[in-house]
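Notes follow once the structure below has been shown.
Numbering (the working numbering), first residue to last: 26 to 312.
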């Protein structure tokens, strides 16, 4: 199985089929630092007998090994048991939390955290993964009415003008009306629908038109950001629920699926997030 964030496991059957992810448990002492401590290691607080630091830890993802500073890791100690790893960086600098700052009682601003769940994929071609995530074809059969649900298929949505370097894809209401009629004819009742719970979709493509980024965010029409950004500070909007985004990309060379979770207010910095995560993987790979 391939591990996702300790706090946010993917529940989609597609994700399970592709990576077999499972929720995290407490890291064992045997999984702690496996790389020699250098003279440049920075230490943080000592809590419950453990001194947090940025000493490198070996992380294995399939045949790949990365020597990643411990403060990047979700636990800030070691990877959670199982396969896969979750890294955490913070807006706006896209750098890891200082050693021990996320341990209770935390000293960082948790609202700035961007969680990156990284899994090795070997059951499907990595190049096709984003296409699978942006469709319901692997979750439905060809003769199912549900296959035609335009909410769940990028190819049935409508491209809108570019924003933030991304192409938004809106639900095609004409196709939605046709889907509702087909569903009702088959089942005798219309499908349950709550537009407030339907995600806004965004994509980026390479020069060949292939997907390189797929992002789903809470609907901007029905949910405000819930926070505002002032300089490098995050300010709560009183009485608001904070809108989230889930952001998918891949590292083709290493066959890695990368899923980011963050507040929608940070969406403008999506390219910087991708660069930060890919950069730490490139810098720390040892084999």
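Built from N, CA and C at the ideal position, the CB exists for glycine as well.
Quick one: what's got a C-beta closer than 8 Å to residue 249's C-beta in the same chain, skipping five residues either side?
Excluding positions up to five away in sequence, the list reads 262, 265 and 268.
Any beta strand (DSSP E) of 3 or more consecutive residues that is wholly inside the segment 115-162:
Runs found: 138-145.
May I have the straight-line CA-CA distance separating residue 93 from residue 151, to the nearest angstrom?
Rounded to the nearest whole angstrom, the CA to CA distance from residue 93 to residue 151 is 23 Å.
Touch test, the segment 121-134 against the segment 200-208, Cβ-Cβ under 8 Å, three pairs minimum:
The segment 121-134 is not in contact with the segment 200-208.
Pick from 194, 166 and 307: whose alpha carbon is nearest that of residue 224?
Residue 224 has its Cα closest to that of 194, out of 194, 166 and 307.
Any contact between the segment 153-167 and the segment 128-141? By contact I mean 3 or more CB pairs, one from each, below 8 Å.
Segments in contact, no.
Spatial neighbours of residue 243 within its chain, please: CB distance less than 8 Å, with the 5 preceding and 5 following residues excluded, ordered by chain position.
In its chain, beyond the 5 residues on either side, 224, 225, 268, 269, 270 and 289 have a beta carbon closer than 8 Å to the beta carbon of residue 243.
Could you tell me how far apart the beta carbons of residue 84 and residue 110 are, in whole angstroms, since I believe they sit closer than 8 Å?
Indeed they touch by this definition, with Cβ atoms about 5 Å apart.
Residue 104, buried or exposed, once every other Cβ within 10 Å from all chains shown has been counted against 16:
Buried, because 16 or more other Cβ atoms sit within 10 Å of the Cβ of residue 104.
Under 7 Å between C-beta atoms of residue 277 and residue 141
Judged by their CB atoms, residue 277 and residue 141 are not nearer to each other than the 7 Å cut-off.
Taking the DSSP output, what are the residues bridged to residue 196?
Looking at the DSSP assignment, residue 196 forms a beta bridge with 182.
Buried or exposed for residue 296, please, with buried defined as at least 16 other CB atoms from any protein chain shown within 10 angstroms of its CB.
Looking at its Cβ environment, which holds fewer than 16 other Cβ atoms inside 10 Å, residue 296 is exposed.
Chain-order list of residues whose beta-carbon lies under 7 Å from that of residue 184 (same chain, five-residue window excluded):
192 and 194, listed in sequence order.
Length of the line joining the Cα atoms of residue 72 and residue 219
Those two C-alpha atoms are separated by around 46 Å.
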